[in-house]
Amino acid sequence: MDTAVKTDDTAAPAAVPTAAYRNLVVATVGFTLTFWAWNLVSPLGGDYRERLGLSSFQQSLLVAVPVLVGSLGRIPVGALTDRYGAKLMFPAVSALTIVPVLLLIPARDSYGAMLAVGFLLGLGGTTFAIGVPLVNSWFPPAKRGFAIGVFGMGMGGVALSGYFTPRIAEHGATLPFLVVAVALAVYAVLAALLITDRPGRPVPSASLGRRLGQAGRLRVTWELSVLYAIGFGGIVAFGVYLPTYLKSWYELSPTDAGTKAAGFALVTVAFRPVGGWLSDRVHPALVTAGALGVVALLAIVQAFDPPLYPGGTVALLVMAAGLGTASGSVFALVAQVTPPAQVGSATGIVGAMGGLGGFVPPLVMGAIYSAKDSYSIGFMLLSDLALAGCVYAYGRMRTS
383 MDTAVKTDDT AAPAAVPTAA YRNLVVATVG FTLTFWAWNL VSPLGGDYRE
433 RLGLSSFQQS LLVAVPVLVG SLGRIPVGAL TDRYGAKLMF PAVSALTIVP
483 VLLLIPARDS YGAMLAVGFL LGLGGTTFAI GVPLVNSWFP PAKRGFAIGV
533 FGMGMGGVAL SGYFTPRIAE HGATLPFLVV AVALAVYAVL AALLITDRPG
583 RPVPSASLGR RLGQAGRLRV TWELSVLYAI GFGGIVAFGV YLPTYLKSWY
633 ELSPTDAGTK AAGFALVTVA FRPVGGWLSD RVHPALVTAG ALGVVALLAI
683 VQAFDPPLYP GGTVALLVMA AGLGTASGSV FALVAQVTPP AQVGSATGIV
733 GAMGGLGGFV PPLVMGAIYS AKDSYSIGFM LLSDLALAGC VYAYGRMRTS
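Start counting the sequence shown at 383; every next residue gets the next number (this note's numbering).
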């Protein structure tokens, strides 16, 4: 992995323009709202299971389908952002996400319809590949790690969904979808007015397929994809499956499970900019290795099924901190080592692999629980993956 940090001697000493912070704030808000939409099904998964008579695996598939589509969708969306810019892509994707959000209302009584709408709902998970190149273009190299980490706090949309969706649903089964649809509509208008692409940003002239091929031929793209699949994939997996795990294993109510899952998500959100900030000061690969090492250790602790208070709570929250830090440090590295004109395409590929890393674990956990009536094997697998990522990141850092 060529992890030598790219520098820009002309941009480094210049003050960050006010427009950079405006774009960062607007992009982060949009990322948060679309992630809330992307995760609408998970907090209500228990209700869908009871209403539709689903097995553990069927419920896992229901909450995982948006993750799969949102992950793969980042590849073309990232490349389109390179070509057309975030000013067009952010409001467009936000507005289009309203359609599957509203379709969840008539689909709620049919498992097949829910899977189909979940496929469309994946669109909300693609905005990550829009925001990273936007933020990257506005901030100088010395501040990109922290800025992209702040943008990554938009993952808090998962926490908002986990906390507010079941509570809003108590006042009307369709109300959460209407609230999110209105929020997306308002944001789409504001994004069209407030987001501006950096003047003079490099605009590729090659075709979409060729640009994706160029980014895909970069070795660093796939090395970072593996690390991000572990870090961010773990966050996504916990985001969509933690309410089910807490409800099934610790027998919490859907509302209580959603609240605690929201707390987990908030910790990952808080530590993502920490990972970026540390990566502006310490080699990002070292930050990634340390964070994944912590995750590996605490996953072993959770595999032994500690009581929720205090052991399980501490283990889960420390894992959240490690996963958040690793996610921030990996994408700080993406911004540092990727050619400027290919940041969107590379972001799409790396982000897709991260999302795919979150698609498989819920299915595995559901299948293991159905077969063994235990989640221990799943947590041991997480520990193995995190340890492998730790060793790989540290080894590559020492040879770079």
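Where a beta carbon is used, it is the ideal one built from N, C-alpha and C, also for glycine.
Item: Assuming Gly-500 and Val-540 form a contact by the criterion Cβ under 8 Å, report the distance between their Cβ atoms to the nearest whole angstrom.; Value: Rounded, the Cβ-Cβ distance is 16 Å, inconsistent with contact.
Item: Closer than 7 Å by C-beta to Ala-611: which residues in its own chain qualify, once you throw out the five before and the five after it? Chain order, please.; Value: Met-735, Gly-736, Leu-738 and Gly-739
Item: Which ranges does the beta strand (DSSP E) cover as unbroken runs of at least 3 residues, wholly within the segment 468-529, from first to last along the chain?; Value: none
Item: State the Cα-Cα distance for the pair Leu-628 and Val-585, rounded to the nearest angstrom.; Value: 47 Å
Item: Give the straight-line distance between the Cα atoms of Val-514 and Pro-721, rounded to the nearest whole angstrom.; Value: 13 Å
Item: Answer yes or no: do Leu-516 and Ser-727 have a C-beta to C-beta separation smaller than 8 Å?; Value: no
Item: Judging by CA-CA distance, which residue of Ala-489, Met-535, Val-411 and Ser-758 is the nearest neighbour of Gly-657?; Value: Met-535
Item: Quick check on this structure: which residue in Leu-763, Phe-761, Ser-752 and Gly-730 has the alpha carbon closest to the alpha carbon of Tyr-461?; Value: Reading off the sequence, residue 461 comes out as Ala, not Tyr. That would be Gly-730, whose Cα lies nearest to the Cα of Ala-461.
Item: Classify Asp-464: buried if its beta carbon has 16 or more other beta carbons within 10 angstroms, exposed otherwise.; Value: buried
Item: Could you check how far apart the C-beta atoms of Ala-643 and Gly-544 are, in whole angstroms? I think they sit under 8 Å.; Value: 4 Å
Item: Touch check for the segment 482-500 and the segment 681-701: three-plus C-beta pairs under 8 Å?; Value: no
Item: Beta-carbon within less than 7 Å of Thr-508's beta-carbon, same chain only, minus the 5 sequence neighbours each way: which residues are those?; Value: Gly-452, Gly-455, Arg-456, Val-459 and Val-475
Item: If you drop the 5 nearest sequence neighbours on each side, which residues of the same chain put their C-beta closer than 7 Å to that of Leu-705?; Value: Gly-613, Gly-616, Ile-617, Thr-650 and Val-677
Item: Could you pull the start and end residues of the alpha helix (DSSP H) that Ala-541 belongs to?; Value: 538-551
Item: Rounded to a whole number of angstroms, what is the C-alpha to C-alpha distance between Leu-355 and Pro-399?; Value: No statement about residue 355 is possible, as the shown extent of the chain runs from 383 to 782 and does not include it.
Item: List in chain order: all unbroken alpha helix (DSSP H) runs of 4+ residues lying wholly within the segment 610-662.; Value: 636-661
Item: Just the Cα atoms here: how many angstroms apart are Ala-570 and Asp-755?; Value: 44 Å
Item: In this structure, how does DSSP classify Gly-748 when only helix, strand and coil are distinguished?; Value: helix
Item: Which of the three DSSP states, helix, strand or coil, is assigned to Tyr-571?; Value: For clarity, residue 571 is Val in the given sequence; the question names Tyr instead. DSSP places Val-571 in helix when its eight states are reduced to three.
Item: Would you kindly report the start and end of the unbroken alpha helix (DSSP H) that includes Thr-414?; Value: 400-420
Item: Please classify Gly-788: is it buried, with 16 or more other beta-carbons within 10 angstroms of its beta-carbon, or exposed?; Value: In the structure displayed, the chain extends from 383 to 782; residue 788 sits before or after that span and is not available.
Item: Short of 8 Å in beta carbon distance, which residues of its chain neighbour Phe-533, apart from the five on each side in sequence? Order them along the chain.; Value: Leu-406, Ala-409, Thr-410, Phe-413, Gly-513, Val-514 and Val-517
Item: Cutting at 6 Å between CB atoms, please list the residues of its own chain near Leu-634, excluding the five before and the five after it.; Value: Leu-628
Item: If distances are taken between C-alpha atoms only, which option among Ala-619, Val-483, Pro-625 and Ile-759 comes closest to Thr-637?; Value: Pro-625
Item: On the criterion of 16 or more Cβ atoms from any shown chain inside 10 Å, does Asp-662 qualify as buried, or is it exposed?; Value: buried
Item: Is the beta carbon of Ala-419 sitting closer than 8 Å to the one on Val-483?; Value: yes
Item: So Leu-796 packs on Leu-415, CB below 8 Å; how close in whole Å?; Value: Given that the chain is displayed from residue 383 to residue 782, the structure contains no residue 796 and the question cannot be resolved.
Item: Along the chain, where does the alpha helix (DSSP H) containing Gln-724 start, and where does it finish?; Value: Premise fails: Gln-724 is in no alpha helix (DSSP H) and is neither H nor E.
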